[in-house]
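K.L.:
Dropping a structure here in structure tokens format, bear with me for questions.
2 protein chains.
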Amino acid sequence: MRGANMDFVSYFPVWSKLTDGQKDRILASLLTRTIEKGSVIHSGSMDCIGLVLVKTGQLRAYILSEEGREITIYRLFDVDMCLMTASCMIRSIQFDVTIEAEKDTELWVIPAETYKSIMEESAPVANYTNELMATRFSDVMWLVEQIMWKSLDKRVAAFLLEEASIEGTNEIKITHEIIANHLGTHREVITRMLRYFQNEGMVKLSRGMVTILDAEKLEALGDG
Amino acid sequence: MRGANMDFVSYFPVWSKLTDGQKDRILASLLTRTIEKGSVIHSGSMDCIGLVLVKTGQLRAYILSEEGREITIYRLFDVDMCLMTASCMIRSIQFDVTIEAEKDTELWVIPAETYKSIMEESAPVANYTNELMATRFSDVMWLVEQIMWKSLDKRVAAFLLEEASIEGTNEIKITHEIIANHLGTHREVITRMLRYFQNEGMVKLSRGMVTILDAEKLEALGDG
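Respectively, the protein sequence lines represent chains A and B. The opening position of the first sequence corresponds to residue 3 in my numbering, with each subsequent residue numbered one higher. The opening position of the second sequence corresponds to residue 3 in my numbering, with each subsequent residue numbered one higher.
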């Protein structure tokens, strides 16, 4: 356990700028959690577990419409840090995101009370938190640009290539519904688009699977 | 001038948490600037004038597509603070916004080097900066929800009511092009929508002017 925490230390960039007392408080309260694929770990303003560091696995942050539509705003991978699970620490965060595990995931958690009390007294920790928020803010600005200036065919192409890269295979196990939830659109729209991609020889569709046949053509579309 | 700076002090929420040395550094470097309506004060990553406090006037922050389309991401009014004019201070801000004066505007500016050096040593200033960023982040998340889940007729209705409220009149001097630039769409689309609003008796159109005739009906549409 002590060894595992030492691992954590190496991924926490401002560790060396903490006082011994602050280091002790973090190590004494640090938790590890194992989350099953599909579980929601944060939902709106109800939860505030704390600052989360992804040890292994994959998380997805998304927003929900009143009608239950979804759009992915960012995803987190190994050794990424999640601030939104500690959104209660920053009063001016006035929006709700949901965070779910896309794969079985192991996390380190600094509980919100511990992190908040250290952030209030430590300029390096507060500035690090600033950088974390700016990173997520940049993700969302990128999303705004995608939604505003890019047509959906290009977004679907880019999404399929991203999935293939994350999974390390051209055989992507995913339903049309899930693609729609990532991109903030309806299943029917995705089905129509994928059939068009299939007619153009870029993908092959089968039950619960999209196989990329012509990655170059898909890339040319996604970049355009 | 000293009196004017004292005014500034009352709008800077963490002033009492600064050391005397930090207060002196801010007062010694504090600038006032007068900006003409239509001037751009910040454009992408080129400029970094510093932390800006709007004394009087109105600023608009927007993003630009490669084709020159615009969408407003937030607006700033009297005593609002602008962090994006100091975006060079935070490495992880990886997006470009343009900020222009929508009215003749008077600003206070804490130059970026002064603010950055104080932010690095002061936890209260760093945490205040965090709250500022979270406020703008929340504005953009609100925008994402508008774009994703709200149809354009509702967004145009809400925009006209917002303008009427800012200007304190139902006779809004604005072109269809400018409305399109706020909402990230094309002039032709706005013209079509406003003509529909006119047919429904909600507005009256004349050269360079949109007059709200039925604010209640517009509100019902905008809320829906």
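Cβ atoms here follow ideal geometry from the backbone N, Cα and C, with glycine treated the same way.
(1) Measuring only the C-alpha atoms, how far is A/R197 from A/I95?
(2) For the putative contact between B/I101 and B/C90, defined by C-beta atoms under 8 angstroms, what is the C-beta separation to the nearest angstrom?
(3) Here's the rule: buried if 16 or more other CB atoms are within 10 angstroms of the residue's CB, otherwise exposed. What is A/R62?
(4) Under 8 angstroms Cβ-Cβ, which residues of chain B neighbour A/L145?
(5) When burial is assigned at 16 or more other CB atoms within 10 Å of the CB, is A/N201 buried or exposed?
(6) Flag A/Q24 as yes if its beta-carbon sits less than 8 angstroms from any beta-carbon of chain B, otherwise no.
(7) Between the alpha carbons of A/G170 and A/F79, how many angstroms are there, rounded?
(8) Under a CB-based cut-off of 8 angstroms, is A/T137 close to chain B?
(9) Please list the residues of the region 113 to 137 of chain B that have a C-beta atom closer than 7 angstroms to any C-beta atom in chain A, keeping them in chain order.
(10) Which residues of the region 61 to 88 of chain B have a Cβ closer than 9 angstroms to any Cβ of chain A? Give them in chain order.
(11) Going by the beta-carbon positions, is the gap between A/M154 and A/T187 smaller than 8 angstroms?
(12) Just the C-alpha distance for A/M3 and A/D225, rounded to the nearest angstrom, thanks.
(13) Among A/A222, A/S47 and A/V158, which has the Cα closest to the Cα of A/D98?
(14) Output yes if chain A places a C-beta closer than 8 angstroms to the C-beta of B/I95; else output no.
(15) Between the alpha carbons of B/D106 and B/V212, how many angstroms are there, rounded?
(16) What does a CB cutoff of less than 8 angstroms around B/E221 pick up in its chain, not counting 5 residues either side in sequence?
(17) Which runs of the alpha helix (DSSP H) spanning at least 4 residues fall entirely within the region 5 to 59 of chain A, listed in chain order?
(18) Leaving out five residues before and five after B/R77 in sequence, what residues of the same chain have Cβ atoms less than 6 angstroms from its Cβ?
(19) On the CB-based measure, 16 or more other CB atoms within 10 Å of its CB, does A/P126 come out buried or exposed?
P.N.:
Reading off the structure:
(1) 40 angstroms
(2) Contact flag wrong, Cβ pair sits at about 14 angstroms.
(3) buried
(4) V146
(5) exposed
(6) no
(7) 14 angstroms
(8) yes
(9) M121, E122, E123, S124, A125, A128, N129, T131, N132, E133, M135, A136 and T137
(10) I65, S67, E68, E69, R71, I73 and I75
(11) According to the sequence shown, residue 154 of chain A is Leu rather than Met. Yes, the Cβ-Cβ distance between A/L154 and A/T187 is below 8 angstroms.
(12) At A/M3 the pLDDT is 44, less than 50, meaning the model places this residue with poor confidence; the figure from the coordinates comes in the next sentence. Whole-angstrom Cα-Cα distance: 45 angstroms.
(13) A/S47
(14) yes
(15) 22 angstroms
(16) A159 and L163
(17) 22 to 31
(18) R62
(19) buried
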